[in-house]
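Residue numbers (the numbering used here): 702 to 1056.
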């Protein structure tokens, strides 16, 4: 088992987001409530949290494994008792998508945009396999959760002794493999097949590599790299674009979203940039404030930071933008322009094929 470094995660583990979105929220500068790493080639995460229960808080631990390829069904599977807790009333027994397996449907709520394909995915054979694996690896845990990008299980308490962690994560890896194998037997939705062709053409025009199973484009410049992925969640599908900067800047800085303005900066020890819009929406850490203020006022960078309804982050080593939708064009153009601006290079001067 690969060593799992300890991280603190901003917020609790929720299956309404993607696995990648939780990884982005990890803060490696602190030790705390989350472990993240790889096990047998699979990205895994272990998150502890405190859940209010009456007048006290109950510790809970969630084990999560990323699926090899996204399912692209906007699937969400979670325990019905979780839904009852969320909505403060019993959940109707027929609410949600029914698989036809009475034992499963009694315990789990299933929602999806691609209902017919999800019924093919959650076949009797697959459900039997999932239940068998869960029984052997977790003792029959009934707190399973699945979405398009990850599968996980939650326990009360903090059971973090190594044999148990390895057994549970191993079981989840087996569950993920079963889900992926079943998904490969199902024809992609027409809209996804059409989108794959469009992304393939987009990648070819820009000399990017493209992996259609993951809807992932990638390219490498001499001093930076670009990754473009389609990131599905149960409620929305996003385009996520990351530029990783290989060149060393003359200043270290990091910017991420801060939804409570001055309070977020105070609690997170951020600096004030002097730009009211940036200070309202983001938290900035820097070791040379004047130079960072200069970078944030670059037109291409400032344009990127106007995406208040999207996920934005940037630093001396990366530029990131995630926008709702299916078309990567605008996001790629804005991230590319911001990356060149931060590095002090002319985007037109590096108009060459990616490697």
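We put the beta carbon where it would ideally sit given N, CA and C, even for glycine.
Keep in mind it's a predicted model, so treat the numbers as computed, not measured.
CB contact flag (residue i, residue j, <9 Å)
i: residue 1022; j: residue 1036; result: yes
i: residue 1043; j: residue 1024; result: no
i: residue 838; j: residue 872; result: yes
i: residue 1005; j: residue 1013; result: yes
i: residue 773; j: residue 933; result: yes
i: residue 913; j: residue 900; result: yes
i: residue 927; j: residue 1017; result: no
i: residue 958; j: residue 986; result: no
i: residue 884; j: residue 1039; result: no
i: residue 998; j: residue 980; result: no
i: residue 745; j: residue 739; result: yes
Per DSSP, the bridge partner or partners of residue i
i: residue 958; result: 983
i: residue 885; result: Answer is none; residue 885 lacks a bridge partner.
i: residue 920; result: 927
i: residue 761; result: 750, 857
i: residue 851; result: 767
i: residue 912; result: 917
Span separating the alpha-carbon of residue i from that of residue j
i: residue 735; j: residue 866; result: 13 Å
i: residue 825; j: residue 802; result: 7 Å
i: residue 931; j: residue 915; result: 8 Å
i: residue 1110; j: residue 990; result: Nothing in the structure corresponds to residue 1110, since the chain is present only between 702 and 1056.
i: residue 817; j: residue 855; result: 28 Å
i: residue 785; j: residue 779; result: Per-residue confidence for residue 785 stands at a pLDDT of 43, beneath the threshold of 50, marking its modelled position as unreliable; the derived number appears in the next sentence. Approximately 11 Å, taken between the alpha carbons.
i: residue 790; j: residue 751; result: Model confidence at residue 790 stands at a pLDDT of 43, short of 50, so the residue's coordinates are unreliable and nothing is read from them.
i: residue 1045; j: residue 1032; result: 20 Å
i: residue 890; j: residue 815; result: 8 Å
i: residue 1008; j: residue 1034; result: 14 Å
i: residue 1003; j: residue 888; result: 42 Å
i: residue 895; j: residue 886; result: 19 Å
i: residue 961; j: residue 758; result: Here the model assigns residue 961 a pLDDT of 47, short of 50, so the residue's position is not dependable, and the following value carries that caveat. When rounded, the distance between both Cα atoms is 25 Å.
i: residue 811; j: residue 929; result: 29 Å
Spatially closest choice to residue i from the options, by CA coordinates
i: residue 851; options: 768, 816, 825; result: 768
i: residue 1030; options: 1015, 1014, 942, 976; result: 942
i: residue 809; options: 815, 845, 775, 950; result: 845
i: residue 813; options: 849, 880, 875; result: 849
i: residue 800; options: 815, 821, 781, 782; result: 821
i: residue 951; options: 907, 862, 996; result: 996
i: residue 868; options: 765, 823, 804; result: 765
i: residue 847; options: 724, 953, 775, 722; result: 775
N-terminal and C-terminal residue of the beta strand (DSSP E) that residue i is part of
i: residue 720; result: Taken as a continuous stretch (DSSP letters only), residue 720 belongs to no beta strand (DSSP E), being part of the alpha helix (DSSP H) at 720-725.
i: residue 945; result: 938-946
i: residue 991; result: Counting along the chain, residue 991 falls outside any beta strand (DSSP E), though it belongs to the alpha helix (DSSP H) covering 990-997.
i: residue 812; result: 809-812
i: residue 778; result: 777-780
i: residue 1011; result: It is not in any beta strand (DSSP E) - residue 1011 carries neither H nor E in the DSSP assignment.
Extent of the continuous alpha helix (DSSP H) to which residue i belongs
i: residue 821; result: 816-822
i: residue 1034; result: 1030-1044
i: residue 1021; result: Per DSSP, residue 1021 belongs to no alpha helix (DSSP H); it is in the beta strand (DSSP E), 1019-1025.
i: residue 838; result: 825-839
Residue-level contact to chain C via CB, residue i, 9 Å cutoff
i: residue 1029; result: In the structure shown, chain C does not exist; there is a single protein chain.
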